[in-house]
Amino acid sequence: MTPSDETLLSRYKAGDERAFRALVERYAASIYNLAFRFLRDPMEAENVTQETFLRVVSALDRVRLDRPFKPYLFRVAVNLCRDLARKKRPILLDDVRGDGDAAIGEAGENVEGDAVPLWERVQEQELHSRLDAAIGMLPPIYQAVVTLRYAEEFSYAEIAQTLDLPLNTVRTHLRRAKIRLRWILENDALPLSVSDAPVAKGGEP
Amino acid sequence: MNNRHLTADILDAYLEQELDAPARVQAAEHLARCALCRRRLAREEELNRALHALPRREPSPELAARIGRAAETRVLQERRRSRMPFIGAAAFFSILLLVWFGVQLALAFEENATFDLLSVLTTRPDLFSAYSTDAIWAVIEALPLGEIVLTLFALFTAIVLVGQWLETVRPPASLGEYTRVR
Numbered sequence: 002m003t004p005s006d007e008t009l010l011s012r013y014k015a016g017d018e019r020a021f022r023a024l025v026e027r028y029a030a031s032i033y034n035l036a037f038r039f040l041r042d043p044m045e046a047e048n049v050t051q052e053t054f055l056r057v058v059s060a061l062d063r064v065r066l067d068r069p070f071k072p073y074l075f076r077v078a079v080n081l082c083r084d085l086a087r088k089k090r091p092i093l094l095d096d097v098r099g100d101g102d103a104a105i106g107e108a109g110e111n112v113e114g115d116a117v118p119l120w121e122r123v124q125e126q127e128l129h130s131r132l133d134a135a136i137g138m139l140p141p142i143y144q145a146v147v148t149l150r151y152a153e154e155f156s157y158a159e160i161a162q163t164l165d166l167p168l169n170t171v172r173t174h175l176r177r178a179k180i181r182l183r184w185i186l187e188n189d190a191l192p193l194s195v196s197d198a199p200v201a202k203g204g205e206p
Numbered sequence: 034m035n036n037r038h039l040t041a042d043i044l045d046a047y048l049e050q051e052l053d054a055p056a057r058v059q060a061a062e063h064l065a066r067c068a069l070c071r072r073r074l075a076r077e078e079e080l081n082r083a084l085h086a087l088p089r090r091e092p093s094p095e096l097a098a099r100i101g102r103a104a105e106t107r108v109l110q111e112r113r114r115s116r117m118p119f120i121g122a123a124a125f126f127s128i129l130l131l132v133w134f135g136v137q138l139a140l141a142f143e144e145n146a147t148f149d150l151l152s153v154l155t156t157r158p159d160l161f162s163a164y165s166t167d168a169i170w171a172v173i174e175a176l177p178l179g180e181i182v183l184t185l186f187a188l189f190t191a192i193v194l195v196g197q198w199l200e201t202v203r204p205p206a207s208l209g210e211y212t213r214v215r
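Here is the structure:
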C-alpha cells in the first residue's frame, strides 16, 4: 500500500530521508507543471520546485501532521510563483481598476446562438497552444485555480485549502477564469471566425 | 415550468458536479428540452476537455536528485542555525580567552626580558658565536612557552568557532539568488 503524504512526512520528521525523496518523486513534476504555467520559464519553474521543497525542509518543525500536506505544499509553490510573477509582470490596467471581469462578464454570460467555437475550427495542437497562451494572460489567482483544477485535478475543497480561500470564492474564480479564457480565445481567433454568426442574446428553448 | 435558459454559472456547476440533487434534476430537465442550452453545455464541456487535455510540462530528469542534494545542505544549515546561540557564545568567550592569554603572553615576555636578550644577541653576534649553545638555551629559557601554547590554542579555537558562527548566520540561498545567477 502506498503510504500517505502525512505518513511520509512523519517518517521524514523522524529522520528517514527516503521518505522525503518519495515526496519529491510524488510531487516534483506537478509543482514544476504548475510553476511553468505561471512563469513560462523552465529554469525558473525548476527553481521554484526546488525552493518549494526546501521551504518544507526549513519549516519542518512547524508543518502540522494533522492537516493535509498536499494543499500546504502547493500553497508554498503558488506563493513563490506569485511573488516571482509579480516581480516579472507589468501592472495591468485590470489589476488597478479590477474591471476586467466586468468588461468581459456580459459576453461570458451571453446565451450564444450558432457561433462556431474555436475548438471546432483549429487543430488540437493549435488549440493547446492558444489555450496555454490564454492561461498565461489570466491574473495570477485565476491561473492558480485553473491549473490546480484542470492540470492537477484538485477538488474545489483542495483548491480552497491550497489558496486559503472560501469555497464559493474558488467557484467564482474558476467560473470567471473560464469566461475570460473563452473571451480571450474567441477574440484571439477573430480572423478565423468568418463563419461566426453575431452573438445572440436570449432566445426561447 | 421554468423556461428561462440556464445561466453560465449553473451550466458550469452542472458540469463540475457542483449542483445539489434538486438543482441538478431541474437543470437536467431543462437541458432535455432546450437545444440551445445543450449546445452551450457542449461548448462548456469542450473547454473543460481542452483544459484537461493540455500537455503537461516535465522537469529535467535530474531535478529530483538536485532537490535531494539541496535538501541535505539545507538540513545541515538548519541544524547549524539551531546551534547559533551556543556557537556565538562560545566564539565570544574564546575571543575573550584569546585576549586574556595574549595579555599574559606579553607580560611574560616582559617579565622574562626575552626581547632584551634577543636584542643583545642580534646586536652582538660575536657573543652568540662564542657562546652559541648557552645563548640558545638562554633564549629557550626566556621564552614563555606555556603562555605561547595557551595563546595559540585560544587563537585556533577562536578561529574555528568564529568561522562556524559565520556559517550559521549566513542566510541559506534564497530563490532570489537562484534567479539572479541566471
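If you're matching them up, the sequences are chains D and A in order.
Numbering-wise (the working numbering), the first sequence opens with residue 2 and increments by one.
Numbering-wise (the working numbering), the second sequence opens with residue 34 and increments by one.
All C-beta atoms in this analysis are idealised placements derived from N, C-alpha and C, irrespective of residue type, glycine included.
From a predicted model like this one, the values you see are computed outputs, not experimental measurements.
Cα-Cα separation between residue i and residue j, rounded to whole angstroms
i: D:S11; j: D:L61; result: 10 Å
i: A:R203; j: D:N188; result: 51 Å
i: D:L132; j: D:R177; result: 15 Å
i: D:G114; j: A:A98; result: A caution first: D:G114 carries a pLDDT of 48, below 50, which makes its placement in the model unreliable, though a value can still be read off. Taking the straight line joining both Cα atoms gives about 53 Å.
i: A:R82; j: D:L128; result: 11 Å
i: D:L139; j: D:A145; result: 9 Å
i: A:L64; j: A:R71; result: 6 Å
i: A:L44; j: A:L74; result: 6 Å
i: D:R42; j: D:A152; result: Checking the sequence, you will find Asp at residue 42 of chain D rather than Arg. Their Cα atoms are separated by approximately 17 Å.
i: A:A175; j: A:N145; result: 5 Å
i: A:A104; j: D:V58; result: 7 Å
i: D:D84; j: A:P118; result: 32 Å
i: D:G109; j: A:L69; result: With a pLDDT of only 49 at D:G109, under the threshold of 50, the placement of this residue in the model should not be trusted; the figure read from the coordinates follows. Approximately 15 Å, taken between the alpha carbons.
i: A:E51; j: A:R66; result: 21 Å
i: A:L41; j: A:R57; result: The residue asked about is misnamed: residue 41 of chain A is Ala in this sequence, not Leu. Taking the straight line from one Cα to the other gives about 14 Å.
i: D:R150; j: D:R183; result: 17 Å
i: D:I180; j: D:Q51; result: 33 Å
i: A:P154; j: A:E111; result: Note that residue 154 of chain A is Leu in the sequence shown, not Pro. Whole-angstrom Cα-Cα distance: 56 Å.
Pick from the options that is closest to residue i, judged by C-alpha positions
i: A:Q197; options: A:R113, A:E62, A:A98, A:L140; result: A:R113
i: A:E79; options: A:I173, A:P92, A:L48, A:L151; result: A:L48
i: A:T147; options: A:I169, A:D159, A:S165, A:W133; result: A:I169
i: D:L186; options: D:I136, D:N34, D:M44; result: D:I136
i: A:P88; options: D:L175, D:T163, D:W184, D:E125; result: D:E125
i: A:R102; options: D:E18, D:R63, D:Y13, D:V146; result: D:E18
i: A:S127; options: A:L39, A:C70, A:L185; result: A:L185
i: A:R37; options: A:L52, A:E51, A:A54, A:E62; result: A:E62
i: A:L183; options: A:T155, A:A60, A:F134, A:Q110; result: A:F134
i: A:R107; options: D:W184, D:T173, D:P69, D:R56; result: D:R56
i: A:V136; options: A:I192, A:P177, A:D167; result: A:P177
i: D:C82; options: D:N48, D:P72, D:R183; result: D:N48
i: D:F21; options: D:L74, D:P141, D:R68, D:M2; result: D:L74
i: D:S5; options: D:K71, D:L164, D:Y33; result: D:K71
i: D:T3; options: D:Y13, D:G16, D:A15, D:R27; result: D:R27
i: D:K88; options: D:S130, D:F39, D:P69; result: D:F39
i: D:T53; options: D:D67, D:I32, D:M44, D:F37; result: D:I32
i: D:P69; options: D:T163, D:A86, D:T170; result: D:T163
i: A:P94; options: D:V25, D:L35, D:D165; result: D:V25
Under the three-state DSSP convention, the category residue i falls into
i: A:L52; result: coil
i: A:T156; result: helix
i: A:M117; result: helix
i: D:P69; result: coil
i: A:C67; result: coil
i: A:V195; result: helix
i: D:Y13; result: helix
i: A:S93; result: coil
i: D:T50; result: helix
i: D:S156; result: coil
i: D:S5; result: coil
i: A:Q110; result: helix
i: A:Q137; result: helix
i: D:Y28; result: helix
i: D:M138; result: coil
i: D:P43; result: helix
i: A:V202; result: helix
i: A:Y164; result: coil
i: D:D165; result: coil
i: A:L39; result: coil
i: D:Q126; result: helix
i: A:A146; result: coil
i: D:V64; result: coil
i: A:A86; result: coil
i: A:L80; result: helix
Neighbour list for residue i in chain A, Cβ cutoff strictly below 9 Å
i: D:T8; result: The premise fails here: D:T8 is roughly 18 Å from chain A at the closest Cβ pair, so nothing lies under 9 Å.
i: D:H129; result: A83, A86, L87, P88
i: D:L164; result: Within 9 Å Cβ-Cβ: nothing; D:L164 doesn't reach chain A, min ~17 Å.
Closer than 8 Å at the beta carbon, the chain D residues around residue i
i: A:R90; result: Y33, N34, F37, R38, P43, A46
Chain-ordered neighbours of residue i on chain A, where CB pairs are closer than 8 Å
i: D:V58; result: A104, R107, V108, E111
i: D:Q51; result: L96, R99, I100, A103, Y211
Distance between beta carbons of residue j and residue i, contact taken as under 8 Å
i: A:L131; j: A:A187; result: 4 Å
i: A:L150; j: A:A122; result: Not confirmed; about 41 Å, so no contact.
Proximal residues of chain B, C-beta to C-beta of residue i below 7 Å
i: D:V25; result: Protein chains D and A are contained in the structure displayed, whereas chain B is not.
Residue i: contacting residues in chain D (beta-carbon distance under 7 Å)
i: A:A56; result: Within chain D, no residue comes near A:A56; the closest Cβ sits about 14 Å away, beyond 7 Å.
Proximal chain A residues relative to residue i, where beta-carbon distance stays under 7 Å
i: D:V71; result: Residue 71 of chain D is actually Lys in this sequence, not Val. Near D:K71 there are no residues of chain A at all, since even the closest Cβ is about 17 Å away, more than 7 Å.
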